[in-house]
């Protein structure tokens with residue numbers, strides 16, 4: 001049974017909303033979780049959820065303990081007059097995960113652990129990424145070619161995080177962000193403009 | 001206390017050796033685990049370990065439930081007369097993880113979960129990859145530039161696995177292996193020949 005009591009906002013209210021959101025995302029996926037259901041589960045008024053979080057994506061970022069919104073990274077990729085700066089995207093992606101200033105990224109490791117351990121968390125993350133990168137002003141349009149490009153860019157970014165923070169393979173583990181960006185940036189540039197052959201070769 | 005009884009080889013002996021190896025790798029890392037200690041923990045003669053496994057790396061592959069040895073993939077990358085075929089490496093990498101013929105790769109997900117959840121498993125995996133890709137006939141020599149190239153290639157491969165098997169982002173999740181190889185192969189080609197600038201740009 002959902003709690004029906006109404007509590008005033010307080011020091012723990014935001015944390016309780018985040019905890020309730022984690023459960024709703026795990027059960028219903030990103031698309032299936034509503035702010036109303038999250039409020040009900042947390043025992044607070046929906047208006048209070050809106051007081052702390054502008055929208056569902058912001059709540060998901062908090063529930064997954066993500067360092068930032070991938071849409072922000074993607075938008076930085078778009079330069080005035082068109083074009084794409086893979087190097088800038090790599091550096092911003094790493095900077096978001098390293099914002100605590102510590103060596104490594106406990107946040108990335110925790111995210112990787114949650115997503116690898118729970119198909120539901122993986123589903124929610126995939127839906128979240130699809131929404132944030134496909135709609136709402138990101139550089140990707142919702143067409144087939146853009147899906148290929150977006151998936152390939154995601155694969156290189158998550159692979160860098162995995163190699164740098166989880167496996168800690170040198171020199172990727174301790175190279176300055178700007179150096180990693182010079183190494184891997186051109187990969188993103190190519191993916192962003194790839195006209196993908198979709199037929200397997202003979 | 002380690003078990004000291006000696007059991008004859010049997011149906012379960014191999015499984016017991018693998019289980020003992022998992023514990024030794026978790027406690028001592030890849031470098032720190034010896035076949036002798038693994039045999040002692042399993043309560044078998046070291047010769048019996050050698051009966052089932054040619055060397056420590058083969059035992060690690062079994063203990064981590066890896067589908068194959070990364071050295072085999074790396075060696076396929078080397079074509080007669082030199083050169084490197086990124087497309088072939090991508091396709092072989094995916095084929096190894098999908099050898100059960102099932103959609104997705106439970107083995108990759110299980111590996112990702114173990115490595116993300118245990119710093120010890122991550123340490124052991126890193127040491128194993130360093131040994132298998134740096135020594136023993138792989139295409140990489142043990143020099144600084146080769147380390148950069150190897151780490152970057154690893155980052156793209158593990159990122160493809162993560163995107164295809166864990167996050168299941170389309171079209172990467174269900175595209176034929178040969179198609180994924182055409183998309184990502186040129187990335188590996190570039191990394192294999194990269195003369196990496198190591199200074200951050202100003």
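Residue numbers (the working numbering), protein chains in the order written: chain S, 1 to 202; chain X, 1 to 202. A virtual CB, placed ideally from N, CA and C, is assigned to each residue, including glycine.
Ordered along the chain, which non-local residues of its own chain (more than five positions away) have a Cβ less than 6 Å from that of residue 153/X?
-> 188 and 191
Check whether the region 143-150 of chain X touches the region 158-167 of chain S, counting contact only when three or more Cβ pairs, one atom from each stretch, lie closer than 8 Å.
-> no
Chain X residues whose Cβ lies nearer than 8 Å to that of residue 113/S = 113, 116 and 117
Kindly indicate the opening and closing residues of the alpha helix (DSSP H) around residue 161/S.
-> 144-161
Cα separation between residue 45/X and residue 37/X?
-> 10 Å
Answer with yes or no whether the minimum CB distance from residue 15/S to chain X is below 8 Å.
-> no
Give a yes or no on whether the minimum CB-CB distance between residue 151/S and chain X is below 8 Å.
-> yes
Of all the residues that make up the region 153-178 of chain S, which are near chain X by a beta-carbon distance shorter than 9 Å?
-> 154, 155, 156, 157, 158, 159, 160, 161, 162, 163, 164, 166, 167, 168, 169, 170, 171, 172, 173, 175, 176, 177 and 178
Is the beta carbon of residue 39/X less than 8 Å from the beta carbon of residue 49/X?
-> yes
What whole-angstrom Cβ distance do residue 109/X and residue 116/S have, given they're in contact under 8 Å?
-> 6 Å
Flag residue 183/S as yes if its beta-carbon sits less than 8 Å from any beta-carbon of chain X, otherwise no.
-> yes
Is residue 33/S closer than 8 Å to residue 25/S when the C-beta atoms are compared?
-> yes
Nearest-angstrom Cβ-Cβ length linking residue 157/S and residue 93/S, presumed shorter than 8 Å | 5 Å
Less than 8 Å between the CB atoms is what I'm expecting for residue 151/X and residue 171/S, so what's the real figure, rounded?
-> 6 Å
Quick one: which chain S residues come within Cβ less than 8 Å of residue 107/X?
-> Chain S residues near residue 107/X: none, gap ~12 Å exceeds 8 Å.
Taking Cβ to Cβ, would you say residue 65/X is nearer than 8 Å to residue 107/X?
-> yes
Kindly indicate which residue of 28/S, 128/S and 161/S has the alpha-carbon position closest to the one of residue 104/S.
-> 161/S
How many angstroms separate the CA atom of residue 119/X from the CA atom of residue 21/X?
-> 17 Å
Name the residues in the region 120-133 of chain S whose C-beta lies less than 9 Å from a C-beta of chain X; which are they?
-> 122, 123, 125, 126, 129 and 130
First through last residue of the alpha helix (DSSP H) which encompasses residue 46/S = 46-52
Interface residues of chain S around residue 51/X at Cβ under 9 Å?
-> Chain S residues near residue 51/X: none, gap ~32 Å exceeds 9 Å.
Can you tell me whether DSSP reads residue 195/S as helix, strand or coil?
-> coil
Which residue from 98/S, 155/S, 17/S and 181/S puts its Cα closest to that of residue 53/S?
-> 17/S
Close beta carbons around residue 178/X, own chain, < 7 Å, minus the five adjacent residues each side = 91
Taking 8 Å as the CB-CB cut-off, is residue 94/S touching chain X?
-> no
For chain X, is any of its Cβ atoms less than 8 Å away from the one on residue 187/S?
-> yes
If the cut is a Cβ gap below 9 Å, which residues of chain S does residue 48/X touch?
-> Those within 9 Å of residue 48/X in chain S number zero; the least Cβ separation is about 32 Å.
Within chain X, partners of residue 190/S - CB distance below 9 Å | 186, 187 and 190
Which listed residue (149/X, 58/X and 85/X) has its alpha carbon closest to that of residue 183/X | 85/X
heavy atom of the ligand ATP below 7 Å from residue 68/X C-beta | Summarising the ligand content, the structure contains no ligands, and the ligand ATP is consequently not present.
What are the boundary residues of the alpha helix (DSSP H) that residue 41/S is part of?
-> 35-42
Host alpha helix (DSSP H) of residue 95/X (start-end) = 86-97
Any C-beta of chain X sitting closer than 8 Å to the C-beta of residue 148/S?
-> yes
Report yes if the C-beta distance between residue 123/S and residue 43/S is below 8 Å; otherwise report no.
-> no
Cα separation between residue 159/S and residue 149/S?
-> 15 Å
Chain S beta carbons: is any one of them nearer than 8 Å to that of residue 85/X?
-> no
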